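In what follows, a single structure is set out as structure tokens and then discussed.
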Amino acid sequence: MANSPQAKKRARQNEKRFAVNKARRSRIRTFLRKAEEAIASGDKDAAAEAVRAAQPELMRGVTKGVYHKNTAARKISRLTARVKALG
Numbered sequence: 001m002a003n004s005p006q007a008k009k010r011a012r013q014n015e016k017r018f019a020v021n022k023a024r025r026s027r028i029r030t031f032l033r034k035a036e037e038a039i040a041s042g043d044k045d046a047a048a049e050a051v052r053a054a055q056p057e058l059m060r061g062v063t064k065g066v067y068h069k070n071t072a073a074r075k076i077s078r079l080t081a082r083v084k085a086l087g
């Protein structure tokens, strides 16, 4: 348990940050799931739109420190490749 005032403050800050990051990660996963479902449905237009909506959310997660840049790039790349393959 945190004993010093500094450690107590850091513990409070960590809890707040965890809650913010958790919400942000959940939001990003929702966008990714919608894109996955649109791809699975086979509708290319809907899938492309869902991926376009997911891209800025993923990159915002990168700037906020929730995801690594390469992770987001890989996810976007794989989603766009799957949309392109729908033909």
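Yeah, the sequence shown ends on 87 if you go by the UniProt record's numbering, and it's all consecutive. Where is the CB? At the ideal position from N, CA and C, for every residue including glycine. Remember, predicted model here, so these are calculated numbers, not experimental data.
Where residue i and residue j are concerned, what is the direct C-alpha to C-alpha distance, given to the nearest angstrom?
i	j	result
GLN6	PHE31	38 Å
LYS9	GLU36	40 Å
THR80	LYS22	26 Å
GLU49	ASN70	22 Å
ARG78	ALA85	11 Å
ARG17	GLY42	38 Å
ALA40	ALA72	20 Å
ALA19	ALA11	13 Å
ARG82	ALA46	13 Å
LYS44	VAL51	10 Å
ARG74	MET1	39 Å
If I measure Cβ to Cβ from residue i and keep anything under 7 Å in the same chain, skipping five residues before and after, which residues do I get?
i	result
ILE76	GLN55 and LEU58
ASN3	none
Kindly list the residues whose CB is nearer than 8 Å to the CB of residue i, restricted to its own chain and excluding five residues on each side of it in sequence; keep chain order.
i	result
ARG27	GLU57
LYS64	ASN21 and ARG24
GLY61	ARG24, ARG25, ILE28, TYR67 and ALA72
I'd like the list of long-range same chain contacts for residue i, defined as Cβ closer than 6 Å, with 5 residues on each side in sequence excluded.
i	result
ARG25	VAL66
Counting only runs that start and end within the segment 6-34, where is the beta strand (DSSP E) found for 3 or more residues in a row? Correct list: empty.
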